[in-house]
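Each remark here refers to the structure printed beneath this line.
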Amino acid sequence: MDRKQPELFWIGGATGWGGQAAPGVRTLTISGDGGARLSEPLSIGPNPMFAAVLPTGGVVVSHEVSDGFLTLLQADESLRPEALSPPVTKKTGGSDPTSVAIVEFPSGGMAVLSANYSGGSLSVNPLSDKGLAEPSLVVRYRGSGPVSDRQASSHPHQVVVNRGSGEVFVPDLGADVIHVHRIDDLERNRPEHRDIHLPAGSGPRCLVVSNDCALVACELDALVHVITLERGEIVTDASPSIKGDDAIQNFPSAIRLTSGGNVLVGNRGPDTIGVLAWDENAQSLLYRSEFLCGGSHPRDFQLNTAEDVVVVANLKSNDLAVLDLNDDEGTLKLRETIPTGSPSCVVRQVLSNE
Numbered sequence: 197m198d199r200k201q202p203e204l205f206w207i208g209g210a211t212g213w214g215g216q217a218a219p220g221v222r223t224l225t226i227s228g229d230g231g232a233r234l235s236e237p238l239s240i241g242p243n244p245m246f247a248a249v250l251p252t253g254g255v256v257v258s259h260e261v262s263d264g265f266l267t268l269l270q271a272d273e274s275l276r277p278e279a280l281s282p283p284v285t286k287k288t289g290g291s292d293p294t295s296v297a298i299v300e301f302p303s304g305g306m307a308v309l310s311a312n313y314s315g316g317s318l319s320v321n322p323l324s325d326k327g328l329a330e331p332s333l334v335v336r337y338r339g340s341g342p343v344s345d346r347q348a349s350s351h352p353h354q355v356v357v358n359r360g361s362g363e364v365f366v367p368d369l370g371a372d373v374i375h376v377h378r379i380d381d382l383e384r385n386r387p388e389h390r391d392i393h394l395p396a397g398s399g400p401r402c403l404v405v406s407n408d409c410a411l412v413a414c415e416l417d418a419l420v421h422v423i424t425l426e427r428g429e430i431v432t433d434a435s436p437s438i439k440g441d442d443a444i445q446n447f448p449s450a451i452r453l454t455s456g457g458n459v460l461v462g463n464r465g466p467d468t469i470g471v472l473a474w475d476e477n478a479q480s481l482l483y484r485s486e487f488l489c490g491g492s493h494p495r496d497f498q499l500n501t502a503e504d505v506v507v508v509a510n511l512k513s514n515d516l517a518v519l520d521l522n523d524d525e526g527t528l529k530l531r532e533t534i535p536t537g538s539p540s541c542v543v544r545q546v547l548s549n550e
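Be aware that the sequence shown starts at 197, since it is given in my numbering, and climbs by one per residue.
So, in structure tokens, the structure goes:
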């Protein structure tokens, strides 16, 4: 990568809970020399908690509210968030969308996929040059788990599109499963899917794919499980992302995999980023180290393309932390913190250097 190429990170936030109310959606620009600049916020409604970048350069933002909806945005010439004119918003057909992803269909069409946490569903909103449409499909999941206050019903928490296998993975914290959809089924508005089962009470929250495996950060048992995607089996013992015996108070959040084989996990209990070593041949994880996240309650984080910078959304300390990553050594070091109210997501967009 050209180190002079700037990168843009879209920052969502919580307006109704967390720390200070988020002022809206913001962008963080990191220049080629490493300088970070936070834009003025754009207020677009309650709880703009998560975002996904469109292939065309626009962004779709999900609003985690009971009557869940989506908003389309773009960056202006100064790299600040800007609403389309007229504004484009559409309902997801489900409550409290926590995560969104863009899927490209075999036909060439696209759609926004939303994991509706309280609604227990996955919604498909078609996206075209004519704009964003109402949901063409809402898949309603059933299921529960043994943790009564968290698993009374299905709670999908993330959407991961795996173009290599032609599948979409939806970790369901409430039902202890990963729902697996074929992309071509979703294009045909078919709700059929298979489920990969995790241990009862594990609470799968987020995952990252490594070839035929998924590394699943589970919120309730505070472990990272390794599963095979084709066979749907757990292949190795789970690993904690913190050191010691108090892992159940860990509350893992986001998970990322570097090209050097390091797995980074947000630990909202001790306010750290855990580093695990991923052995793809042995399909195993091993705790390596952990580092302070630069704030409190690291809900999400993202790497830059060069994988030498990590931007962390610290929800309860009301700031973004910029960390330097040495991927060879598996170490993190705080560079700076940038105040902003209740940041909840960090989504990367690579910019043209022309």
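We put the CB at the ideal spot given by N, CA and C, even for glycine.
As the structure is a computational prediction, the values presented were derived from the model and not from experiment.
Quick check on residue i: does DSSP put it in helix, strand or coil?
| i | result |
| --- | --- |
| I438 | coil |
| E429 | strand |
| I240 | coil |
| L419 | coil |
| L382 | helix |
| Q270 | strand |
| Q445 | helix |
| W213 | coil |
| M197 | Low confidence applies here, because M197 scores a pLDDT of 41, under 50, leaving its location unreliable and the question unanswered by this model. |
| E550 | The predicted position of E550 is uncertain, since its pLDDT is 41 and thus under 50; a value taken from the coordinates is nonetheless stated next. E550 falls in the coil class under three-state DSSP. |
| K326 | coil |
| V543 | strand |
| C489 | coil |
| I534 | strand |
| D391 | strand |
| L411 | strand |
| G470 | strand |
Exposed or buried, residue i, counting other C-beta atoms within 10 Å across all chains shown (16 or more means buried)?
| i | result |
| --- | --- |
| G304 | exposed |
| P559 | Absent from the model: residue 559. The displayed extent of the chain is 197 to 550, so no value can be given. |
| R452 | buried |
| D198 | Only weak support exists for where D198 lies, its pLDDT of 46 falling under 50; the coordinates are left without a value. |
| K495 | As written in the sequence, residue 495 is Arg, which differs from the Lys given in the question. By the 10 Å Cβ count, R495 comes out buried. |
| G231 | exposed |
| Q445 | exposed |
| D467 | buried |
| L394 | buried |
| S513 | buried |
| L482 | exposed |
| G440 | exposed |
| S538 | buried |
| A502 | exposed |
| G220 | buried |
| G360 | exposed |
| S295 | buried |
| V543 | buried |
| E486 | buried |
Can you name, in chain order, every residue of its own chain whose Cβ lies under 7 Å from the Cβ of residue i, other than the five neighbours on each side?
| i | result |
| --- | --- |
| G147 | The requested residue 147 does not occur in the structure, where the chain is confined to residues 197 to 550. |
| R222 | I207, L234, S235, P237, P277 and T536 |
| I392 | V373, I374, V376, I423 and G428 |
| A517 | C489, G490, G491, V508, N510, L530 and T533 |
| V334 | G289, G290, S317 and S319 |
| A210 | A218, N243, M245, L511, S538 and S540 |
| D272 | E278 |
By Cβ distance below 6 Å, which residues in the same chain neighbour residue i in space, the five residues on each side in sequence not counted?
| i | result |
| --- | --- |
| P322 | A307, A329 and S332 |
| R390 | V376 |
| V431 | V422, T424 and Q479 |
| D520 | K529 and R531 |
| Q545 | L204 and V249 |
| G315 | G290 and S291 |
| V506 | F497, L499, L519 and L521 |
Going by the beta-carbon positions, is the gap between residue i and residue j smaller than 8 Å?
| i | j | result |
| --- | --- | --- |
| T285 | L266 | yes |
| G212 | P242 | yes |
| L416 | R346 | yes |
| V256 | I379 | no |
| C541 | F301 | no |
| G526 | V471 | yes |
| V459 | V405 | no |
| C402 | P367 | yes |
| S449 | G462 | yes |
Does the beta carbon of residue i fall short of 7 Å from some heavy atom of the ligand SAM?
| i | result |
| --- | --- |
| S235 | Absence of the ligand SAM is noted for the structure shown, with no ligands found whatsoever. |
Please work out which residues of its chain come closer than 8 Å, Cβ to Cβ, to residue i, disregarding the five sequence neighbours upstream and downstream, and give them in chain order.
| i | result |
| --- | --- |
| G397 | G341, P342, V343, Q347, D372, L416 and D417 |
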